[in-house]
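Residue numbers (the UniProt record's numbering): 1 to 111. Glycine included, each C-beta is placed from N, C-alpha and C at the ideal position. Only a predicted model underlies this, so the values are computations on that prediction, with no experimental measurement involved. Below: one structure, written as structure tokens.
This is the structure in structure tokens:
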């Protein structure tokens, strides 16, 4: 039973990571005017977020305070992007709460 909950938690984490990339891309698309800038923003911004996430959060050699700071920064980026896309505060708060709860379970279960 616990193994199933842990696997579900990892799935939620993966989906949150994908959602972050999608939200950043959508906010870049809406925030930029020219077609070239939109294309560059949609490709480069999520790519930079993904590289930062892999290096800073998933790097086992990275000190825990750096990993935690990177996760908080990514959460803040997602919150700002959701706000720019016009999501309501309640929706943004619910998604942020899900991300925080997921992060807590990852630490508790040492995932």
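Coarse secondary structure for residue 33, derived from DSSP in three states: Translated into the one-based positions of the chain shown, residue 33 becomes position 33. Looking at residue 33 - three-state DSSP - the assignment turns out to be coil, as it is neither helix nor strand.
Quick one: is residue 27 buried, meaning 16 or more other Cβ sit within 10 Å of its Cβ, or exposed? Position 27 of the chain shown, counting from 1, holds the residue named residue 27. So residue 27 ends up on the buried side.
Cα separation between residue 51 and residue 58? As a first step, residue 51 is located in the chain shown; it is residue number 51 there, counting from the start. As a first step, residue 58 is located in the chain shown; it is residue number 58 there, counting from the start. Rounded to the nearest angstrom, the two C-alpha atoms are 10 Å apart.
Going along the chain, which residues of its own chain have a beta-carbon closer than 7 Å to the beta-carbon of residue 32, five neighbours each way excluded? Within the chain shown, numbered from 1, the residue matching residue 32 stands at position 32. Leaving aside the five residues that flank residue 32 on each side, the residues in its chain whose CB is nearer than 7 Å to its CB run, in chain order, 38 and 41.
Between which two residues does the alpha helix (DSSP H) holding residue 64 run? Here the question's residue 64 lines up with position 64 in the chain shown. Run containing residue 64: 64 to 84, per the alpha helix (DSSP H) assignment.
Which two residues bound the contiguous alpha helix (DSSP H) that contains residue 107? Counting from 1 along the chain shown, the entry for residue 107 is found at position 107. Its alpha helix (DSSP H) spans residues 89 to 108.
Beta-carbon contacts of residue 118 that lie in its chain and below 7 Å, excluding the five residues immediately before and after: The structure shown has nothing for residue 118, since the chain only spans 1 to 111.
How many Å lie between residue 98 and residue 56 at the Cα? Reading the chain shown from its first residue, position 98 is the one you call residue 98. Reading the chain shown from its first residue, position 56 is the one you call residue 56. Taking the straight line joining both Cα atoms gives about 21 Å.
Tell me the DSSP secondary structure of residue 52 in three-state form. Counting from 1 along the chain shown, the entry for residue 52 is found at position 52. Of the three classes helix, strand and coil, the one that applies to residue 52 here is helix, per DSSP.
Contact belief for residue 7 with residue 109 at Cβ below 8 Å, rounded distance in angstroms: On the chain shown, position 7 is the one that residue 7 refers to. On the chain shown, position 109 is the one that residue 109 refers to. That pair is no contact at about 10 Å.
Who are the near neighbours of residue 86 in its chain, counting only those whose CB is closer than 6 Å to its CB and skipping five residues on each side? Stepping through the chain shown from its first residue, residue 86 is reached at position 86. Within the same chain, residue 86 has no close Cβ partners at all.
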